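The sequence shown finishes on residue 276 if you use numbering that gives the first Met the number 0, and the numbering steps up by one all the way, no holes.
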Amino acid sequence: MTTDASLEGWGSNLMIESGYQAQGFWDLDMMGKSSNHREIMAVHLSLISFLPNIKGKSVQVLTDNVSTAAYINFQGGLSLELSEVATKIWSLALRHNITIKAKHLAGHLNTVADGLSRIPGQYEWLMHRSLFQYLNAVWGPHSIDRFASMNTMLCPRYNSLYLDPFTCGVDALHQSDWATENNFVNAPIRLLDRVLETICSQEAYATVIALAWRAKTWYQKLKELSKTPPIRLPQASQFCIPHSIAMPEALKNHRWAWYAWRIKTDTLVTLVCNDFI
0 MTTDASLEGW
10 GSNLMIESGY
20 QAQGFWDLDM
30 MGKSSNHREI
40 MAVHLSLISF
50 LPNIKGKSVQ
60 VLTDNVSTAA
70 YINFQGGLSL
80 ELSEVATKIW
90 SLALRHNITI
100 KAKHLAGHLN
110 TVADGLSRIP
120 GQYEWLMHRS
130 LFQYLNAVWG
140 PHSIDRFASM
150 NTMLCPRYNS
160 LYLDPFTCGV
170 DALHQSDWAT
180 ENNFVNAPIR
190 LLDRVLETIC
200 SQEAYATVIA
210 LAWRAKTWYQ
220 KLKELSKTPP
230 IRLPQASQFC
240 IPHSIAMPEA
250 LKNHRWAWYA
260 WRIKTDTLVT
270 LVCNDFI
């Protein structure tokens with residue numbers, strides 16, 4: 000298992016069978032920690048993410064951080080913070096009958112995990128919870144957040160792009176349970192056509208966050224599928240909370256008008272929400 004951490008996120012590659020990849024972004028607190036702390040946390044989060052695949056097995060952790068390898072192999076060291084994470088790693092291993100050995104891997108050989116830790120975070124942003132609660136009161140309760148991460152999830156259950164410690168499924172567009180859920184969808188703009196195809200093919204109910212872009216095919220499809228007027232949202236600067244160094248996609252154009260659309264509902268609701276925050 001290779002792992003790596005950058006200032007913005009972490010990544011890991013589990014080299015068994017066809018391979019598994021895990022990835023996530025740091026919150027502001029972890030961004031302020033030392034690089035050694037982020038590196039050993041990357042190992043901990045990776046082990047949790049891959050847990051179903053590594054229970055009862057021997058795992059060799061390959062890290063390009065010498066301190067991380069040492070703290071894992073010696074089950075601690077001089078730093079209290081790093082030792083606490085090492086203890087969590089070994090406690091997890093003991094509970095699940097996992098044998099762990101860490102080894103240093105030269106940085107230039109750690110390309111996959113390094114690339115995962117540096118994925119641009121323009122889609123890593125959180126909708127203001129007051130807005131989500133408002134939409135939940137109108138069209139909820141929503142049972143799953145389809146495009147999220149462990150830092151940006153708005154429902155206890157969520158799908159993520161890569162494995163992470165708490166996801167209930169990787170890649171929302173490859174999940175087959177849309178029809179059994181009340182789906183909350185805040186997807187990258189470029190995926191909206193495919194999102195609507197999935198909703199239609201699985202005959203699902205969903206609340207979809209999308210801007211008013213009349214030239215796009217997905218905009219016309221939204222109008223066709225929605226049986227209730229969409230809810231006009233405030234400016235993105237009022238509801239978009241960045242969880243990454245990169246500028247969130249929602250903030251790239253302050254003129255964009257955002258709406259919440261209810262797909263396949265028979266309830267007629269005409270609302271404009273501007274004053275919930």
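Glycine included, each C-beta is placed from N, C-alpha and C at the ideal position. Note that this is a predicted model, so its numbers are computed, not measured.
- With respect to E80, H36 sits close: the two C-beta atoms are nearer than 8 Å.
- Separation of S34 and A105 (C-alpha to C-alpha, rounded to the nearest whole angstrom) is 16 Å.
- The C-alpha of Q121 is placed about 5 Å away from the C-alpha of M246.
- Separation of R254 and Y204 (C-alpha to C-alpha, rounded to the nearest whole angstrom) is 29 Å.
- Within the DSSP secondary-structure output, Y204 pairs in a beta bridge with N181.
- When the Cα atoms are used, I47 and T151 turn out to be separated by approximately 18 Å.
- Taking R94 as reference, the option from I143, T206, L172, K56 with the minimal CA-CA separation is K56.
- Under the criterion of beta carbons closer than 8 Å, A112 and S11 qualify as touching, at roughly 5 Å.
- Counting the other Cβ atoms within 10 Å of the Cβ of T2 gives 16 or more, which makes it buried.
- For I47, the enclosing alpha helix (DSSP H) has its first and last residue at 34-48.
- Comparing C-alpha distances from A186 to each of P228, S116, I198 shows the shortest one belongs to I198.
- Remark: three or more beta-carbon pairs, one from each stretch, lie closer than 8 Å, so the stretch 38-54 and the stretch 147-167 are flagged as touching.
- Taking 8 Å as the cut-off, the Cβ atoms of E180 and S142 count as close.
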